[in-house]
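Enquirer: The sequence shown begins at 9 in the working numbering and counts up by one.
Positions of the beta carbon are idealized from the N, C-alpha and C atoms, including for glycine.
In this text the structure is predicted, and so the values were computed from the model without any measurement.
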Amino acid sequence: MDLLQDLAWRGLIYQQTDEESLKDLISKEKISLYCGVDPTADSMHIGHMVPFLTLRRFQQHGHRPVVLVGGATGLIGDPSGKSEERNLQTLEAVQKNVEGIQKQLAAIFNFDGENGAVLVNNYDWAGSMDIVTFLRDIGKHIGVNYMLAKDTIASRLDSGISFTEFTYTILQAMDFNHLYENFNCKMQVGGSDQWGNITSGLELIRKMQPEGSKAYGLTIPLVTKADGTKFGKTEGGAVWLDAKKTTPYEFYQFWINAADADVVKYLKYFTFLSHEEIEGLEKSVQEEPHLRKAQRALAEEMTRLIHGEESLQQAIKITEALFSGDVRSLSAAEIEQGFKDVPSFNAADLDGNLVDLLVAAEISPSKRQAREDIANGAVTVNGERITDNAYVLQDSDRIEGQFTIIRRGKKKYTLIKY
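Spelled out as structure tokens, the structure:
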């Protein structure tokens, strides 16, 4: 199965220009192709990943990815999919965001070897361009009627769109033309909302490059969930690639909790597992869903890709400790990850009496209830059931001197800090 057939099997092709010509081109030569991201935050989230992972699939077949971070376009704001104007960011904020995103892209691509990825920032060529040059050399080639026909602009005409965001599609077209000219970049890959911007680039290349010049565009479908809720969101917000925003444990948990109705699609979209491996996991979902083999494979592949093997093993260890209740086996760093969102209480000023601690930390509503909870075996300290109402926490109950984990009942955890 060739590359485009593989992409089609995975459901990764939404729209493309001149399919037969592209198929012929990539069968005869190794091309450069690009995908970009605007640095609207200092981290990408999982919604950004599919186009870049698709670009990596091309790299695995010998093609060269050009990875663009929009230091210039990030200052303008893409109107695609937005019903109102974006808030403009400062140059300093955008540059800081660029640095964060570049580190994450390094985890996805191989930058070494003959077809090593190339990282570019469109601020390098757009940032110094003066307005007269932009209007004469670039704007002259893009008609207003052509722009008004684009869905991203047409959908904003009633609610209003600034000249700044109106010109965004020209800036992205300028990127494609610059990369075609300087990196022999013949194709742009993007999400389905980028079709209008991609075709603007093809139009500019057609008008500015020598006759016969040919470039291509390919978009990826929007990732959806079977239950209709938005992909990539949790109760805590977006699932980020930055470990400080979404810990590797939380990242792992997001994928392992994928619904049976979604997991096979996610394996096709996000992982580099073979067709045979995915089909085997699909069979497992159908015949033995309780084993959740597909979800585990998905969580392991994605956590390993973004955070590395060590963080993956740490996420698995935390998951198993929480499931078994053996939290004493966790390090302080692992506890910080696994119990990031549970209630916490600083007990540095208490003498360690368990009954007093349960009340002070609002784990039990009263001393009487606290004593009943302990006597009934409903309270554990670091996974060990305590039934002695006179129990006083010892230094050995402080994991690395920093934390004690109290559980009341089956699921109510409280993180005690010192």
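Would you mind listing the beta strand (DSSP E) stretches within the segment 92-168 that are 3+ residues and don't spill past its ends, in chain order?
Expert: Fully enclosed beta strand (DSSP E) runs of 3 or longer: 126-129.
Enquirer: Rounded to the nearest angstrom, what separates T237 and L306 at their Cα positions?
Expert: Approximately 20 Å, taken between the alpha carbons.
Enquirer: At what residues does the beta strand (DSSP E) containing L423 begin and finish?
Expert: Segment K420 to K425, the beta strand (DSSP E) holding L423.
Enquirer: Would you call the segment 49-67 in contact with the segment 104-117, where contact means no fewer than 3 C-beta pairs closer than 8 Å?
Expert: Segments in contact, yes.
Enquirer: Following the continuous beta strand (DSSP E) through V363, name the residue where it begins and the one where it ends.
Expert: Element bounds for V363: not the beta strand (DSSP E) but the alpha helix (DSSP H), L362 to A368.
Enquirer: Taking C-alpha atoms, which residue in K31, A101 and K38 lies nearest to G82?
Expert: Residue A101 is the option with its Cα nearest to G82.
Enquirer: Inspect the CB distances between the segment 225-236 and the segment 244-258 and report whether three or more fall short of 8 Å.
Expert: No, the segment 225-236 is not in contact with the segment 244-258.
Enquirer: Where DSSP assigns a beta bridge to K241, which residues make up the other side?
Expert: DSSP, once it has assigned bridges, lists A246 as partnering K241.
Enquirer: Could you tell me whether the Cβ atoms of I424 and T412 are closer together than 7 Å?
Expert: Going by C-beta atoms, I424 is nearer than 7 Å to T412.
Enquirer: Any idea which residues DSSP pairs Q196 with across the strands?
Expert: BP columns for Q196 point to Y42 and G225.
Enquirer: Work out the CA separation of L179 and R312 for me, nearest whole Å.
Expert: If you take the alpha carbons of R312 and L179, they lie about 35 Å apart.
Enquirer: Does DSSP classify R379 as helix, strand or coil?
Expert: Residue state, collapsed to three classes: helix.
Enquirer: Taking only three categories from DSSP, how would you classify Q402?
Expert: DSSP places Q402 in coil when its eight states are reduced to three.
Enquirer: Contact between the segment 62-74 and the segment 120-128 is defined here as three or more beta-carbon pairs at a separation below 8 Å; is this criterion met?
Expert: The segment 62-74, when compared against the segment 120-128, does touch it at the 8 Å Cβ threshold.
Enquirer: How should K194 be labelled, buried or exposed, when 16 other C-beta atoms within 10 angstroms of its C-beta is the threshold for buried?
Expert: When all chains shown are included, K194 counts as buried.
Enquirer: Is N185 near L212, with beta carbons less than 7 Å apart?
Expert: Result yes, Cβ atoms of N185 and L212 sit closer than 7 Å.
Enquirer: So which of S372, S51 and I84 has the shortest CA-CA distance to K252?
Expert: When only C-alpha atoms are compared, the closest one is S51.
Enquirer: State the CB to CB distance for the pair L366 and V400, rounded to an integer number of angstroms; the pair is presumed to be in contact (CB under 8 Å).
Expert: Incorrect: roughly 13 Å between the Cβ atoms, too far for contact.
Enquirer: Look up L76 in the DSSP assignment and give the residues it is bridged to.
Expert: Paired residue(s): G44 and V128.
Enquirer: Please report how far the alpha carbon of E37 lies from the alpha carbon of S200, in whole angstroms.
Expert: One C-alpha to the other measures close to 26 Å.
Enquirer: If you measure between the beta carbons of S170 and E92, is that distance less than 7 Å?
Expert: No, these two residues do not count as a Cβ contact at 7 Å.
Enquirer: Looking only at its chain, what residues have a beta carbon closer than 6 Å to the beta carbon of S88, apart from the 5 residues adjacent to it on each side?
Expert: Once the five neighbours on either side are set aside, the close Cβ partners of S88 are T160 and D201.
Enquirer: Pairing CB atoms from the segment 135-142 with CB atoms from the segment 103-112, are three or more of them under 8 Å?
Expert: No, the segment 135-142 is not in contact with the segment 103-112.
Enquirer: If you drop the 5 nearest sequence neighbours on each side, which residues of the same chain put their C-beta closer than 7 Å to that of A386?
Expert: Contacts found: R416 and G417.
Enquirer: Helix, strand or coil: how does DSSP classify E392 here?
Expert: E392 falls in the strand class under three-state DSSP.
Enquirer: Report yes if the CB atom of S40 is closer than 7 Å to the CB atom of V74, and no otherwise.
Expert: Against a cut-off of 7 Å, the Cβ pair of V74 and S40 comes out as a contact.
Enquirer: Please confirm whether A80 and A16 have their CB atoms less than 7 Å apart.
Expert: In this structure, A16 does not lie closer than 7 Å to A80 by Cβ.
Enquirer: Per DSSP, what are the beta-bridge partners of F60 in this structure?
Expert: None, per the DSSP bridge assignment.
Enquirer: At the level of alpha carbons, what is the spacing between A329 and E290?
Expert: Cα to Cα, the separation comes out at about 28 Å.
Enquirer: Would you call the CB atoms of A181 and Y260 closer than 7 Å?
Expert: No, the Cβ-Cβ distance between A181 and Y260 is not below 7 Å.
Enquirer: When the distance is taken between beta carbons, is H53 closer than 7 Å to G240?
Expert: Taking 7 Å as the Cβ cut-off, G240 and H53 qualify as a contacting pair.
Enquirer: Once the 5 residues before and after L12 are set aside, which same chain residues still bring their CB inside 8 Å of it?
Expert: Closer than 8 Å at the Cβ level, and outside the excluded window around L12, lie I21, E27, L30, K31 and I34.
Enquirer: With distances taken between CB atoms, is the gap from R18 to K301 smaller than 7 Å?
Expert: Contact: no.
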